[in-house]
Amino acid sequence: MIIKMSKVEIVGPKDQLLEVLNLLRGKGVFHPEAEVHGYVPTEDEGRIRELLLDEGAVGEKLFFEKFRARILKLLDCLPDLPSRTASIRPLPIIDILYDLVAKHLASCHEWNQQRQTLREECETLARYVRFWSVLEPLVDEVGGDSDLKFFGVTIRSAAEIVPFKALLEKQTRGRCRLSTASIEDGTIIGLITTDPEMEPTLRQLLTDERVPELNLPEALDDLPFWKKSAVLKRLLRERSSRLQGVVDKLEEFAHHWLPVYRQALDWLEERLSLYQATASAYETRQCFIIHGWMTSCGVDDLRKDLNAAFSGQVLIHELEIHHEDLDRVPVLMQNPLYFKPFELFARLLPLPKYSSYDPTPFLGLFFPLLFGMILGDIGYGLILGLIAALLIYVFPERRNLSDGAKILGVSAAYTMLFGILFGELFGNLGRHLLGLHPIWLERGQAILPMICFALSVGTAHILFGLGLGIRYEIRRKRHREALTKGINLLVIFLIGLTLIAELVPHPWTVTIPLLATVLTLVSMLVLVGGLLAPLELLKNFGNIISYVRLMAIGLCSVLLAEVANRLGGMTGNVIAGFLVAGVLHFFNLVLGVFSPTVHALRLHYVEFFSKFLELGGRRFEPLSKKPK
Amino acid sequence: MEKVLLAFAAALAVGIPALATAWAQSRIGSAGAGTLAEKPELTGTIIILIAIPETMVILGFVVAAMILVMI
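So the sequence lines, in the order shown, correspond to chains F and P. Just so we're aligned: 195 in our numbering is position 195 of the first sequence, and the numbers increase by one with no gaps anywhere. Just so we're aligned: 64 in our numbering is position 64 of the second sequence, and the numbers increase by one with no gaps anywhere.
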């Protein structure tokens, strides 16, 4: 349900403003309102003005913002290690910290650049070493210390090896040899060995065929081919060790200074958010004024806290909520334990307006009922109940899943209840095995009575919605809309009576006077609601007919269950029959969870809520401290 | 013969609105999926929009049931 709100005004001496805001943030109960209109009598609006920070406060705010930006830059340079909570208070040492952060930022920036450069070098060298470790055995095979020439190349795919080999043989007249191997990532590399005379020809061939040659750092160009691998490994070891040194330095620095800077950042953000909150404050010559909203039940507690903290210098007044304020009152919804899980479905809709209704209790009351009417099977209800219990037991921490499981549990109870009424246990299996009989109706046969039942449920639901709508319109002082809804309600009720009179003739049900009253009411409807008002009436009838889905989807579920049983019986084997029927019942159960959920929700969202719910409320967002 | 025609009429009464509903839902569903990718807070509105055309097939079902009752 929607919690009752109070419109409040907090007044105190100007120099206490930040402390008051700090207390309000700590309590987390006050939603500030920047708009002054409606709080102050129109003739007094000129006597107060938006609070402007004095020069000192503006300077302090700019200093804090600059300080925060520096700390954020520094934290970007440091590894994100978990840190202890520092026991320092930043305010007394703020100037020292401000100078220190600039020096630390310069050092960390330099270390970061070194780390980046070394990391890139290590990656490149590691790649070379990987290639060379594969090439090394090939070089040894052909005699690495001879005066032969070697080319390391990368070959695009295994399919290209044979044509490339043939081309090499042709161009060098058989005076070269290609050895290939593949490395871990699947790249194929090749070693071409040739005599020095063929070197220019071979180089030209590689260029023409666009075969990439393995390039090494220029410093290694003068080394013989067989020595390159060892030098590369030595270089990689040296760079890795330097990189580790820089990383250690950064981690050691982070270990010492992260707690201090994190603590300072938290403090700065708290302080800056106070300055931000002053944007909603107003001032007179000596006082500050803050307007806003809070729950009515919390006003007395806050008054006591303010009195205790500021010795009665800061006052809180409750103001009258005018009719024109209703659209801007923030909305906070709280529900009893049973209804709480149904907030999961209510959250799918935008927030209702303060003067409207919280949809959660209605969903809690009617959703499981409609779900049970559609699925209505003892066996399915039992399985769903077990699944719900299991989910609640296994995932108690996952709120949405646990809420969904609780809704499923309640819906399963209604499913079993209607299953008893319809005499269904896995379709008609209960009838064949246990001699179960419907207490009320057999859904598979009684199609017309079930349609009548679904329409009756729809009529009752829609009439209830219209009743709530009338109450809401009266509360909003929209009497014409209330009257239109009232006539709609009466017409639907009278047409319902007329239908009953036709179906069940009785001395006191007289059709003609009823119809005459309906016609009179429809004429009144045009006068009150305009030419389009009868269309709204027709829409209401469409909404009622829409409830036939309760019966239609239920019938599909019954027939599918019967088909499952019949196919299972046709196998002529107990195990095969059990498997066939089990699989089909499983699919029916899956459909039986999704379909009733979607349709029961739709009946609420489209048909029922459209009669009384006005959406578009403001969320209650109190000033509060950042959670640690 | 009359029974066959009535059964055929019932099948058409539910079949044609079912096709129309499916077509409407396919269009709304694809647009809704695109919307949800950008604005997940509109989930409720999208469910409502997707569910609206279903009334057609329910009305068709009612008509079909009434025809079948006549057989």
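Ideal Cβ placement from N, Cα and C applies to all residues, glycine included.
If you compare alpha carbons, which of the options is closest to residue i?
i	options	result
F:Val314	F:Glu324, F:Glu320, F:Leu302 and F:Asp325	F:Leu302
F:Asp266	F:Phe67, F:Ser133 and F:Gly616	F:Phe67
F:Pro41	F:Val299, F:Leu319 and F:Cys108	F:Leu319
F:Leu258	F:Gly569, F:Lys611, F:Ile88 and F:Leu489	F:Ile88
F:Glu65	F:Ile553, F:Leu268 and F:Ser6	F:Leu268
F:Glu473	F:Leu243, F:Lys611, F:Leu53 and F:Leu514	F:Lys611
F:Leu360	F:Thr172, F:Asn428 and F:Glu343	Note on residue identity: the sequence assigns Thr, not Leu, to residue 360 of chain F. It is F:Glu343.
F:Leu433	F:Gly379, F:Ile451 and F:Leu463	F:Gly379
F:Gly419	F:Leu436, F:Val580 and F:Asp403	F:Leu436
F:Ile407	F:Gly530, F:Lys625, F:Tyr338 and F:Lys304	F:Tyr338
F:Phe578	F:Arg234, F:Gly568, F:Ile3 and F:Gly572	F:Gly568
F:His461	F:Leu441, F:Ile492 and F:Ala446	F:Ile492
F:Gln263	F:Ala581, F:Thr85 and F:Gly572	F:Thr85
F:Gly444	F:Ala405, F:Ala561 and F:Arg203	F:Ala561
F:Val410	F:Val593, F:Ala69, F:Met450 and F:Glu481	F:Val593
F:Ala564	F:Asn428, F:Arg210 and F:Gly245	F:Asn428
F:Arg234	F:Arg156, F:Val246, F:Leu220 and F:Ala581	F:Leu220
F:Gln114	F:Ser624, F:Gly245, F:Pro137 and F:Leu52	F:Gly245
F:Arg156	F:Ser356, F:Phe362, F:Trp132 and F:Ile183	F:Ile183
F:Pro79	F:Val247, F:Phe541, F:Met416 and F:Gly542	F:Val247
F:Arg478	F:Arg210, F:Ser355 and F:Gln334	F:Ser355
F:Leu18	F:Leu51, F:Gly530 and F:Gln334	F:Leu51
Please state whether the Cβ-Cβ distance between residue i and residue j is less than 9 Å.
i	j	result
F:Leu272	F:Lys73	no
F:Met551	F:Phe426	no
F:Gly458	F:Ile470	no
F:Leu223	F:Ile192	no
F:Pro32	F:Ile290	yes
F:Leu532	P:Val69	no
F:Val548	P:Ile48	no
F:Leu351	F:Gly616	yes
F:Val129	F:Ser229	yes
F:Glu197	F:Arg175	yes
F:Ile189	F:Leu100	no
P:Leu28	P:Ile50	Contrary to the premise, residue 28 of chain P reads as Ile rather than Leu in this sequence. Yes, they are a contact pair.
F:Val153	F:Pro212	yes
F:Ala277	F:Leu24	yes
F:Leu483	F:Val528	yes
F:Lys353	F:Leu332	no
F:Ser107	F:Phe253	yes
F:Val20	F:Val299	no
F:Arg476	F:His322	no
F:Ile71	F:Tyr261	yes
F:His317	F:Ser83	no
P:Val14	P:Val63	yes
F:Leu336	F:Gly404	Reading off the sequence shown, one finds Pro at residue 336 of chain F, where the question assumed Leu. Result no, Cβ atoms of F:Pro336 and F:Gly404 do not sit closer than 9 Å.
F:Leu489	F:Ala501	no
F:Leu348	P:Gly60	no
F:Trp297	F:Ile3	The question names Trp, yet the displayed sequence has Cys at residue 297 of chain F. Cβ distance < 9 Å, so F:Cys297 and F:Ile3 count as in contact.
To the nearest whole angstrom, what separates the beta carbons of residue i and residue j, a pair I think is in contact under 8 Å?
i	j	result
F:Leu421	F:Pro438	7 Å
F:Ala412	F:Leu384	4 Å
F:Glu621	F:Pro330	7 Å
F:Arg395	F:Leu386	It is Phe, not Arg, that sits at residue 395 of chain F in the sequence shown. Not quite, the Cβ-Cβ distance comes to about 15 Å (not below 8 Å), so this is no contact.
F:Leu603	F:Ser546	7 Å
F:Asn112	F:Cys77	5 Å
F:Asp358	F:Met1	5 Å
P:Ile58	P:Ala10	Wrong, their Cβ atoms sit about 15 Å apart, outside the cutoff.
F:Arg239	F:Glu55	That pair is no contact at about 54 Å.
P:Met56	P:Ala7	Not a contact, Cβ separation roughly 21 Å.
F:Phe151	F:Leu206	7 Å
F:Val518	F:Leu494	5 Å
### Task
Could you tell me whether the region 587-601 of chain F touches the region 374-385 of chain F, where touching means 3 or more Cβ pairs closer than 8 Å?
At 8 Å Cβ cutoff, the stretches touch.
### Query
Should the region 386-393 of chain F be regarded as contacting the region 358-367 of chain F, the criterion being three or more beta carbon pairs within less than 8 Å?
Taking 8 Å as the limit for Cβ pairs, the verdict is that the region 358-367 of chain F does not touch the region 386-393 of chain F.
### Message
At 4 residues or longer, what runs of the alpha helix (DSSP H) sit wholly inside the region 156-201 of chain F?
### Response
Runs of the alpha helix (DSSP H) inside the region 156-201 of chain F: 161-172.
### Query
Are at least three pairs of beta-carbons, each pair with one atom in the region 270-284 of chain F and one in the region 13-30 of chain F, less than 8 Å apart?
The region 270-284 of chain F, when compared against the region 13-30 of chain F, does touch it at the 8 Å Cβ threshold.
### Message
With three or more beta-carbon pairs closer than 8 Å as the criterion, would you say the region 85-105 of chain F touches the region 115-125 of chain F?
### Response
In the pairwise beta carbon analysis, the region 85-105 of chain F is classified as not touching the region 115-125 of chain F: fewer than three pairs are separated by under 8 Å.
### Task
Taking only runs that begin and end inside the region 436-517 of chain F, name each unbroken beta strand (DSSP E) of 3 or more residues, in chain order.
For the region 436-517 of chain F, there is no continuous beta strand (DSSP E) assignment of 3+ residues that stays within its boundaries.
### Task
Can you check the region 348-376 of chain F for any beta strand (DSSP E) of at least 3 residues that lies completely inside it and give the ranges in chain order?
The region 348-376 of chain F contains no whole beta strand (DSSP E) run of 3 or more residues.
### Task
At 3 residues or longer, and completely inside the region 305-337 of chain F: list those beta strand (DSSP E) runs for me, N to C.
Annotation: the region 305-337 of chain F contains the following complete segments of the beta strand (DSSP E) (minimum length 3 residues), in chain order: 315-319.
### Task
Please go through the region 203-260 of chain F and give each complete alpha helix (DSSP H) segment of 4 or more residues, from N-terminal end onward.
Along the length of the region 203-260 of chain F, whole alpha helix (DSSP H) runs at least 4 residues long do not occur.
### Residue ranges of each alpha helix (DSSP H) within the region 510-598 of chain F, 4 or longer
Complete alpha helix (DSSP H) runs here, min 4: 511-529, 533-546 and 549-570.
#### Entry: Complete runs of the beta strand (DSSP E) confined to the region 81-132 of chain F [at least 3 residues]
The region 81-132 of chain F contains no whole beta strand (DSSP E) run of 3 or more residues.
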